[in-house]
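This report refers to the structure that appears directly beneath it.
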Amino acid sequence: MKSTRILENRALAERIYLLTLQIDEDLMNKLSPGHFVKIKLPDQRLDPLFPRPYTIHSLIGGHLQVLYQIVGKGTRALSQLTAGTDLEILVPLGRPFPRDLGYPLALVAGGVGVAGFGFLLESLPQEKRKETILYYGASSKESLVRLDYWETFGVTLKLATEDGSAGYKGFVTDLLQSDLSERKFKSILACGPMPMLKRIKEIAANSTIKTYLSMESFMACGTGFCKGCVVPRKGGGYFHICEDGPTFLADDIIL
Amino acid sequence: MKSTRILENRALAERIYLLTLQIDEDLMNKLSPGHFVKIKLPDQRLDPLFPRPYTIHSLIGGHLQVLYQIVGKGTRALSQLTAGTDLEILVPLGRPFPRDLGYPLALVAGGVGVAGFGFLLESLPQEKRKETILYYGASSKESLVRLDYWETFGVTLKLATEDGSAGYKGFVTDLLQSDLSERKFKSILACGPMPMLKRIKEIAANSTIKTYLSMESFMACGTGFCKGCVVPRKGGGYFHICEDGPTFLADDIIL
Amino acid sequence: MTWKIGSLQLKTPLILASGTWGLGDTILDYLSPEEIINSIGALITKGLSLEPMAGNPPPRLLETPCGLINSIGLENPGIEVFLKRYYPRLRDLEVPVIFNLHGTSVDEFLKLVRYLEEENIRGVELNISCPNVTEGGIAFSQSPEVVFQLVKGVREIFSGFLIVKLSPVGPVLEVALACKEAAADALTIANTYPAMGIVSYEPLKVIKGGLSGPAIKPLTLRLVSDIISKVTLPIIASGGVLSGKDVFEYLLVGASAVQVGTANLINPRSVIEIHEELKELLLRHGRLLDKGHP
Amino acid sequence: MTWKIGSLQLKTPLILASGTWGLGDTILDYLSPEEIINSIGALITKGLSLEPMAGNPPPRLLETPCGLINSIGLENPGIEVFLKRYYPRLRDLEVPVIFNLHGTSVDEFLKLVRYLEEENIRGVELNISCPNVTEGGIAFSQSPEVVFQLVKGVREIFSGFLIVKLSPVGPVLEVALACKEAAADALTIANTYPAMGIVSYEPLKVIKGGLSGPAIKPLTLRLVSDIISKVTLPIIASGGVLSGKDVFEYLLVGASAVQVGTANLINPRSVIEIHEELKELLLRHGRLLDKGHP
Ligand SMILES: Cc1cc2nc3c(=O)[nH]c(=O)nc-3n(C[C@H](O)[C@H](O)[C@H](O)COP(=O)(O)OP(=O)(O)OC[C@H]3O[C@@H](n4cnc5c(N)ncnc54)[C@H](O)[C@@H]3O)c2cc1C
Ligand SMILES: Cc1cc2nc3c(=O)[nH]c(=O)nc-3n(C[C@H](O)[C@H](O)[C@H](O)COP(=O)(O)OP(=O)(O)OC[C@H]3O[C@@H](n4cnc5c(N)ncnc54)[C@H](O)[C@@H]3O)c2cc1C
Ligand SMILES: Cc1cc2nc3c(=O)[nH]c(=O)nc-3n(C[C@H](O)[C@H](O)[C@H](O)COP(=O)(O)O)c2cc1C
Ligand SMILES: Cc1cc2nc3c(=O)[nH]c(=O)nc-3n(C[C@H](O)[C@H](O)[C@H](O)COP(=O)(O)O)c2cc1C
Ligand code: FES
Ligand code: FES
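Residue numbers (the numbering used here), protein chains in the order written: chain A, 1 to 255; chain B, 1001 to 1255; chain C, 2001 to 2294; chain D, 3001 to 3294.
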């Protein structure tokens, strides 16, 4: 684990926060889009017992940013930390997003699943950004965060909300599906809740689009030590999400 | 448990804090010097599992104040809370200091054991304060806190530090002992670490001074539910510190 | 909704566990009579013995990660004093009161039960599982045969509701089957787990006692689930319940009722909060309870 | 200071527990060879079987209060692949490597041990206590007689250091005595505790597995203390060690060495920190270790 300091921990929506951590250049050079980080709460309390994993959201300004949502006690405790607090982190974990993404590219995000696409877009050259559509869905308008930031990349942004308060009313996967007939995507990269990923796998099954899904599960270690974070592998056996993923070719896994 | 709000949580020394809680008049009227309060940390984390007990330090201004020292994870977590945070407390717990204290009165405090004497002095009429000596010992000058506050009562303040950085160099019990020959105390009320209490019991054993000791132990409930916080009773059996105490006649207990 | 443990009807499935609400003399300081009647299905007394017991010398408590080691040693005023001084006020609460009994021999247990028959007390929980006494207690739980004799003996003279509180260690299944055979009405699973902790180094103080609290819930949930699949007796779960979710999970694996213990120490009003949470969970997910045990 | 488990000499009393540092192929990503040599007394491999095992379907993990339920199901590449692909790099670390073995029958265990004799491997930990497999594993721990036959059989063909890893449930003392009688060199006390948790309500997902982590430390400390007073074999403690203090407490009650398990998952560098804390505690309170066990 490495020591780092909180520079900012800001609420973007009722339960969504943007955490900014100070890191040195050495570490920065090791990070690629798709990597994740484990963050240990800075106290001796043993509940929650395990540091939680978060995708690297952005490296802008040489700081490591994490975009997270409060869902339980670990994320709630994280949200209460203030600037200046020292933290231990374990990073980089997991494998980066695949390097062979084809364009036009569809990025599909459900909720804070959008996080990792920040770092990805930051790393792409302008011409590839232009060939990228970001499908971004959430429950309601308030939970669609950092829209200004997403717009700076010059990507096409397509929004969906379940309550219709912004963008298309319904699921982001509906948007994707209706676009598939017109647009000739070469790749899809999706991150979000399991029902969304399942739906995308179905949608893409009939196409030749290379489809990647970024998976989540509870992680005890994040380092491949425990063998607990598995997803069934086509053809038998299991992948370990933390060491073989978290991003997988949809065809390789059974959801 | 009752809901309350932190008005202030201020460091007085490296590891000693003064916590100010908002309470209503109704509750205030139920409190007497010597009572204690259990404070629950305001989150869902289960470690530490039990709310910690603290003596009521002061009621000045209609606020409930607690003077506490960081010794472990519970007190450390408490020290990190900020003004505006809502807390649950259970209060009043225990029995007040005895009402039949005789004067001249010696108050003997080791470290944050001094806490409860604030509320006591606040409740005493001026003429009784004048007949009170507060013996207050700590490891060093920095750990002798709120000296201005103690002085406002017009009591005689006698300080001791182990390193001699303020007042007498040595234990506060030495001070008390050497005074016993000159002064005719009617009562002693002492609060502090076990070795100090033992020493006071010894010192007072040869006198007719009514000697009260305020005891501590780990408490699971503080309400008499668990029967875990015992001190052996002279004549057999046990007292429960939380319901029969925390303050006992030295003669009644076996240390 | 009504709750049943065999023939016993309860208003809620929540029971205050033995030894975690004192002798009951101060419970009204924290809960109103209405709250008690509406939230609590039954009350189980502190473990009671024939003679008064002073309990163990300190240290009696140690907090461990998400748990509590206690070694109270069954401090209690004895059955007679309890019946005279403490019971009347509990009876007036109009919630079933179950007597938790501690004997060091079959004979002592029988004597205790006779007192209750005389007073027309209808509920008993035999504590054969206390880890903190040198005689009786958990020693019984090592021998299914002895337990059988004990329960059979009590059954012969006691016509009320007869619960046996098992230890989570030892031959638990065999003991459970022995209770069934001896015609117990229900089992409480389980008492605390034998544990040890170092209280301080200088002077060196250790505590050996029973572990309770959320730390043990995954263990007792498993035990309850395992026993339910093998013994056809109503099971009352006891272990680590802090929230309505915990209760719901015990009900899900098939428990008939659930005891609240250590939670009462953390907050004397826990049971009220647990009851509120449980009601909400039952509304949202209650149908899961009808689907058979996972 | 040197540390001894019977005839085995270790540089430190800290051992990495089976299954909590993967297959060892990535350990050098987190610890340098010097750190390993200076802080770790021995390494115990992931549980290895004759044939590769795919392990259990998800969910395999659930966090509980201060604990972890795992149901990995002994996923491993099989002894042959392990020996070829993973072992050489571990051997090069120059820290004793002990092979944790899983068989579903005495015969399978014997076959496994023969591989090791061939490769001149000097340390074995027989895993008769895994709660997460349908065959073998914890089933052995129910029968002291079967364990005796197993250990005796292995002892006959294996001249290296022979450890048996016990389950914390079942007839633990009898199993320990059987191991002693069959001439095991040491016991590991203990594996994880059978546990259960509800992972989600809709869809209803439950996990049955083994509980590890700080929640269980008071239980395993007690078990180690109890067994040490009754069985004259060196004991290696395993259960809930997160800090130097935890290790010191196991040593205090008489353990010869201590395994670090779940702590490696929380932080892959835990063992380094634990070692630093332990060194300091030994300096300050080490003399307590010579005073006999509390
Ligand atoms: C590789 C990876 C990257 C991640 N990146 C991010 C990120 O960038 N931003 C972010 O906000 N979150 C991210 N997560 C999810 C995040 O780790 C969890 O939300 C967090 O661990 C929850 O901790 P908690 O203590 O608050 O909740 P808990 O108290 O542990 O759980 C609360 C509830 O959330 C559920 N839950 C917990 N973890 C998960 C999970 N991983 N997936 C689905 N449900 C879960 C639990 O079942 C429970 O119902 C990522 C997870 C993984 C595995
Ligand atoms: C009736 C009563 C009134 C109290 N009033 C005050 C007060 O006004 N101000 C204040 O600062 N503290 C007071 N205390 C002590 C306070 O409750 C403890 O310091 C606190 O519980 C420690 O919690 P923790 O989680 O920080 O420490 P833990 O992590 O629980 O323990 C850290 C270390 O402190 C030791 N320790 C824990 N509790 C005690 C204790 N009660 N006595 C001695 N050693 C202990 C432990 O053995 C351990 O070594 C009072 C205690 C009682 C019983
Ligand atoms: C302080 C304390 C005292 C207890 N006393 C008794 C007792 O007298 N008789 C008994 O059968 N169980 C006793 N128990 C066990 C509890 O009734 C309960 O079964 C156990 O603590 C597990 O449940 P919990 O985790 O909810 O506390 C006691 C437990 C505690 C913590
Ligand atoms: C994820 C995981 C995998 C484990 N795999 C094995 C194993 O393969 N063989 C074995 O004997 N024990 C295994 N164990 C048990 C540990 O080695 C250790 O004995 C147990 O976890 C208790 O120690 P701890 O609380 O320090 O983790 C495993 C434990 C965990 C958490
Ligand atoms: S979380 Fe442990 S192997 Fe992935
Ligand atoms: S702390 Fe429970 S009775 Fe005093």
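Each residue gets a CB set at the ideal place from its N, CA and C atoms; glycine is no exception. None of the values given here were measured: they were computed from a predicted structure.
Checklist entry - Can you tell me whether G1237 of chain B is buried or exposed, with buried defined as 16 or more other CB within 10 angstroms of its CB? => result Residue burial is scored here from C-beta neighbours: G1237 of chain B has fewer than 16 other C-beta atoms within 10 angstroms and is therefore classed as exposed.
Item to check | Residues of the stretch 2150-2184 of chain C with Cβ closer than 9 Å to any Cβ of chain B, in chain order | outcome: Taking 9 Å as the cut-off between beta carbons, none of the residues of the stretch 2150-2184 of chain C comes near chain B.
Item to check | 8 Å Cβ cutoff, L27 of chain A in contact with chain D | outcome: Chain D contact via Cβ: absent.
Next on the checklist: Shorter than 7 Å, the distance from the beta carbon of I3040 of chain D to the closest heavy atom of ligand 4, or not?
Outcome noted: Not so, every heavy atom of ligand 4 lies at least 7 Å from the Cβ.
Checklist entry - At a cut of 8 Å, does the stretch 3243-3250 of chain D reach the stretch 3191-3198 of chain D through at least three beta carbon pairs? => result Under the three-pair Cβ rule at 8 Å, the stretch 3243-3250 of chain D does not count as touching the stretch 3191-3198 of chain D.
Next on the checklist: Run through chain D and tell me which residues come within less than 8 Å of C242 of chain A, C-beta to C-beta.
Outcome noted: For a Cβ distance threshold of 8 Å, nothing in chain D lies close to C242 of chain A: the least Cβ distance comes to about 10 Å.
Checklist entry - Which residues in chain B sit within 9 Å of A2042 of chain C, going by Cβ to Cβ distance? => result Correct list: empty, because the minimum Cβ distance to chain B is about 17 Å.
Next on the checklist: What does the Cβ neighbour count give for K3230 of chain D, buried or exposed, with the cut at 16 atoms within 10 Å?
Outcome noted: With fewer than 16 other CB atoms across the displayed protein chains lying within 10 angstroms of its CB, K3230 of chain D is exposed.
Next on the checklist: Closer than 7 Å between beta carbons: that is the criterion. Which residues of the stretch 2052-2086 of chain C meet it against chain D?
Outcome noted: The residues in question are T2064, P2065, C2066, G2067, I2069.
Checklist entry - Apart from the five residues on each side of it in sequence, which residues of its chain come closer than 8 Å, Cβ to Cβ, to N3267 of chain D? => result Closer than 8 Å at Cβ, skipping near neighbours: E3273.
Checklist entry - Given a threshold of 16 other Cβ atoms within 10 Å of its Cβ, counted over all protein chains shown, does T152 of chain A qualify as buried or as exposed? => result Classification for T152 of chain A: exposed.
Checklist entry - Using the C-alpha atoms, what's the distance from L3050 of chain D back to R3114 of chain D? => result Cα to Cα, R3114 of chain D sits roughly 11 Å from L3050 of chain D.
Item to check | Cα-Cα separation between F97 of chain A and L90 of chain A, rounded to whole angstroms | outcome: For F97 of chain A and L90 of chain A, the distance between alpha carbons rounds to 19 Å.
Checklist entry - Heavy atom of ligand 3 less than 7 Å from the Cβ of A2295 of chain C, yes or no? => result Shown here, chain C extends from 2001 to 2294; a query on residue 2295 of chain C therefore has no answer.
Checklist entry - Got a sec: which bits of the stretch 1211-1224 of chain B sit with their beta carbon under 9 Å from any beta carbon on chain C, in order along the chain? => result From the stretch 1211-1224 of chain B, only S1217, F1218, M1219, A1220, C1221, G1222, T1223, G1224 have a Cβ closer than 9 Å to chain C.
Checklist entry - Residues in its own chain within less than 6 Å of E3314 of chain D by CB, not counting five upstream and five downstream? => result Nothing in the structure corresponds to residue 3314 of chain D, since chain D is present only between 3001 and 3294.
Checklist entry - For D1047 of chain B, does the count of other Cβ atoms within 10 angstroms reach 16, so buried, or fall short, so exposed? => result D1047 of chain B is buried by the Cβ-count criterion.
Next on the checklist: Against chain A, with Cβ distances strictly below 8 Å, would A1077 of chain B count as a contact?
Outcome noted: Yes, A1077 of chain B lies at the interface with chain A (some Cβ there is under 8 Å from its Cβ).
Item to check | Run of the beta strand (DSSP E) containing F2161 of chain C, from where it starts to where it stops | outcome: Element bounds for F2161 of chain C: 2161-2166.
Checklist entry - What does R3222 of chain D touch in chain G if you count any residue whose Cβ is under 7 Å from its own? => result In the structure shown, chain G does not exist; the protein chains are A, B, C and D.
Next on the checklist: S3256 of chain D and I3236 of chain D - do their beta-carbons sit closer together than 8 Å?
Outcome noted: In contact: I3236 of chain D and S3256 of chain D (Cβ atoms closer than 8 Å).
Next on the checklist: Output needed for L197 of chain A: all residues of its chain with C-beta closer than 7 Å, excluding positions within five of it in sequence on either side, in chain order.
Outcome noted: Taken in chain order, the residues that qualify are A190, L213, L255.
Checklist entry - Identify the residues that DSSP records as bridge partners of W3003 of chain D: which are they? => result D:L3010.
Next on the checklist: Quick check: I3044 of chain D and S3018 of chain D, are their CB atoms within less than 8 Å of each other?
Outcome noted: In this structure, S3018 of chain D lies closer than 8 Å to I3044 of chain D by Cβ.
Item to check | Helix, strand or coil at I1188 of chain B according to DSSP, with G and I counted as helix | outcome: Of the three classes helix, strand and coil, the one that applies to I1188 of chain B here is strand, per DSSP.
Next on the checklist: For N3132 of chain D and G3210 of chain D, I'd like the C-alpha separation in whole angstroms.
Outcome noted: In this model, N3132 of chain D and G3210 of chain D are separated by some 7 Å (Cα to Cα).
Item to check | Per-residue contacts from K2111 of chain C into chain D (C-beta, under 7 Å) | outcome: Taking the beta carbon of K2111 of chain C as reference, no residue of chain D falls within 7 Å; the closest one sits roughly 32 Å away.
Checklist entry - Does DSSP classify I2015 of chain C as helix, strand or coil? => result Per DSSP, reduced to three states, the secondary structure at I2015 of chain C is strand.
Next on the checklist: Can you tell me whether F36 of chain A is helix, strand or coil according to DSSP?
Outcome noted: Correct three-state label for F36 of chain A: strand.
Checklist entry - Using a Cβ-Cβ distance under 8 Å, would L49 of chain A count as near chain D? => result Taking Cβ atoms only, chain D reaches closer than 8 Å to L49 of chain A, which makes this a yes.
Next on the checklist: Under DSSP, the alpha helix (DSSP H) around Y1149 of chain B begins and ends at which residues?
Outcome noted: 1147-1151 is the span of the alpha helix (DSSP H), which, as asked, contains Y1149 of chain B.
Item to check | Member of B:D1026, B:L1059, B:Y1168 whose CA lies at the smallest distance from the CA of Y1149 of chain B | outcome: Comparing Cα positions, the closest option is B:L1059.
Next on the checklist: Quick test of the definition: if touching needs 3 or more C-beta pairs under 8 Å, does the stretch 2214-2232 of chain C touch the stretch 3058-3068 of chain D?
Outcome noted: Enough Cβ pairs lie closer than 8 Å, so yes.
Item to check | Beta-ladder partner(s) of P3194 of chain D, from DSSP | outcome: P3194 of chain D is bridged to D:G3210.
Checklist entry - Cβ of I241 of chain A within 7 Å of any heavy atom in ligand 5? => result Under cutoff, so the answer is yes.
Item to check | Inter-stretch contact at 8 Å, needing at least 3 Cβ pairs: the stretch 3007-3017 of chain D / the stretch 198-210 of chain A | outcome: No: the two stretches stay apart, fewer than three of their Cβ pairs being nearer than 8 Å.
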